[in-house]
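Heads up: the sequence shown is residues 221 to 538, going by my numbering.
Just so it is clear, CB atoms sit at the ideal spot from N, CA and C, and this is done for glycine as well.
Quantities reported herein were computed from a predicted structural model and do not represent experimental measurements.
Shown next, in structure tokens, is the structure this report addresses.
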Amino acid sequence: MCNNLWDHYAFSNDIAYLKSIYPILKGSAEFYKSVLTKDPKTGWLVTSPSVSPENTFYLPNGKTASICMGPTIDNQIVRELFGNVITASKRLNVDPEFRRELEEKLQSVPPPGVVSKDGRIQEWLEDYKETEPQHRHISHLYGLYPASLITPSSTPALAEAAKKTLEVRGDDGPSWSIAYKLLFWARLHDGNRAFKLFREILKPKFGTDINYGAGGGVYPNMLSAGPPFQIDGNFGAAAGFAEMLLQSHDGYIELLPALPDAWKKQGDIKGLKARGNFTVDFKWKDGKVVSYKVSSPKPEKISIKLNGKIQEILTSVL
Numbered sequence: 221m222c223n224n225l226w227d228h229y230a231f232s233n234d235i236a237y238l239k240s241i242y243p244i245l246k247g248s249a250e251f252y253k254s255v256l257t258k259d260p261k262t263g264w265l266v267t268s269p270s271v272s273p274e275n276t277f278y279l280p281n282g283k284t285a286s287i288c289m290g291p292t293i294d295n296q297i298v299r300e301l302f303g304n305v306i307t308a309s310k311r312l313n314v315d316p317e318f319r320r321e322l323e324e325k326l327q328s329v330p331p332p333g334v335v336s337k338d339g340r341i342q343e344w345l346e347d348y349k350e351t352e353p354q355h356r357h358i359s360h361l362y363g364l365y366p367a368s369l370i371t372p373s374s375t376p377a378l379a380e381a382a383k384k385t386l387e388v389r390g391d392d393g394p395s396w397s398i399a400y401k402l403l404f405w406a407r408l409h410d411g412n413r414a415f416k417l418f419r420e421i422l423k424p425k426f427g428t429d430i431n432y433g434a435g436g437g438v439y440p441n442m443l444s445a446g447p448p449f450q451i452d453g454n455f456g457a458a459a460g461f462a463e464m465l466l467q468s469h470d471g472y473i474e475l476l477p478a479l480p481d482a483w484k485k486q487g488d489i490k491g492l493k494a495r496g497n498f499t500v501d502f503k504w505k506d507g508k509v510v511s512y513k514v515s516s517p518k519p520e521k522i523s524i525k526l527n528g529k530i531q532e533i534l535t536s537v538l
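The structure is reproduced here in structure tokens:
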């Protein structure tokens with residue numbers, strides 16, 4: 221939930237808003253700081269007991285379980301939250317002591333992902349075998365999206381492990397799961413795979429029976445088929461569409477990070493928002509950006525990546 225609050229600040233760059241949400245962010249960090257416990261096998265600080273929504277795993281005796289110490293999603297959430305609160309503390313110039321405590325704790329929080337023997341990101345702290353390899357949830361890729369802990373440029377090994385995780389999970393599922401996979405592949409800069417999933421989520425669906433497995437799509441009114449209806453499929457597909465055209469979570473604005481072959485010939489878009497309160501318009505032809513404009517409330521020097529190269533530019537005034 222704090223991720224949503226933080227993203228609103230990240231995109232608006234509104235310091236007054238950040239000040240208003242800071243007590244909530246800090247309160248959440250205080251809670252996690254108080255409940256983290258040392259894992260006896262690794263020494264890492266983790267949540268316990270907890271689960272990886274909503275998958276289960278096999279125990280050595282053949283039985284199944286879901287309760288564990290330090291599922292990967294929790295480790296990623298804690299790492300993201302502490303990092304955001306540290307950043308907020310610096311920008312608001314408050315709570316230096318609490319900031320140092322979080323910085324110290326972060327040194328003992330598990331990394332964004334641990335790679336298993338078969339090259340995937342582990343869903344749990346231990347390399348358990350999941351009971352459903354193609355489970356609709358892929359909770360352990362929270363660090364890839366919506367968080368920005370795993371990226372092809374900053375953590376290439378984990379990005380490759382995330383690809384293998386997605387390959388095993390497969391492309392099908394309820395519509396919200398297809399949308400989530402679309403977002404994952406967009407963040408991994410695979411435009412053709414993201415476009416495949418975009419087409420999957422648009423396939424016609426008529427049944428309204430409750431189904432938690434495969435077969436998502438859209439009803440004739442374009443509402444997402446869970447089935448039944450789940451709005452996160454619609455919102456997720458729209459978010460995925462935007463991520464294919466623009467990303468701004470890795471320290472710079474990148475245009476066309478996951479452009480599929482089907483869209484390469486030409487196109488243009490106006491009004492996309494980037495983190496930092498930037499508004500972006502651009503056109504492309506044959507897969508290359510041919511013109512662009514980045515606007516902001518006041519001129520700012522920013523980094524932008526287009527046609528494979530990062531450069532510094534001065535923004536236009538809105």
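- A direct Cα-Cα distance of roughly 18 Å separates Leu403 from Pro332.
- Short of 7 Å from the beta carbon of Asn295, and not among the five residues preceding or following it, lie these beta carbons of its own chain, in chain order: Val266, Val329 and Pro330.
- Of all alpha-carbon atoms in Asp410, Ala381 and Gln354, the one lying nearest the alpha-carbon of Pro394 is that of Gln354.
- A distance below 7 Å between beta-carbons, with the five flanking residues on each side excluded, links Ile370 to the following residues of its chain, in chain order: Pro332, Gly333, Gly363, Leu364, Leu378, Ala379 and Ala382.
- Asp481 is classed as exposed because its beta carbon has fewer than 16 other beta carbons within 10 Å across all chains shown.
- Contact check for Ala462 against Leu443 fails: the beta carbons are separated by 8 Å or more.
- Under the DSSP definition of a beta bridge, Gln486 partners with Lys505.
- For Pro291, same chain residues with a beta-carbon under 8 Å away, outside a window of 5 residues either side, are Thr267, Ser270, Val271, Ser272, Glu343, Trp344, Leu345, Ser359 and His360 in chain order.
- With 16 or more other CB atoms across the displayed protein chains lying within 10 angstroms of its CB, Arg299 is buried.
- Listed in chain order, the non-local C-beta contacts of Lys508 below 7 Å within the same chain comprise Asn527, local neighbours out to five positions each way being set aside.
- Taking 8 Å as the cut-off, the beta carbon of Arg356 is found closer than this to the beta carbon of Ser397.
- Tyr400 sits close to Gly456, with the two beta carbons spaced by under 8 Å.
- Here the alpha carbons of Val314 and Ile533 stand approximately 32 Å from one another.
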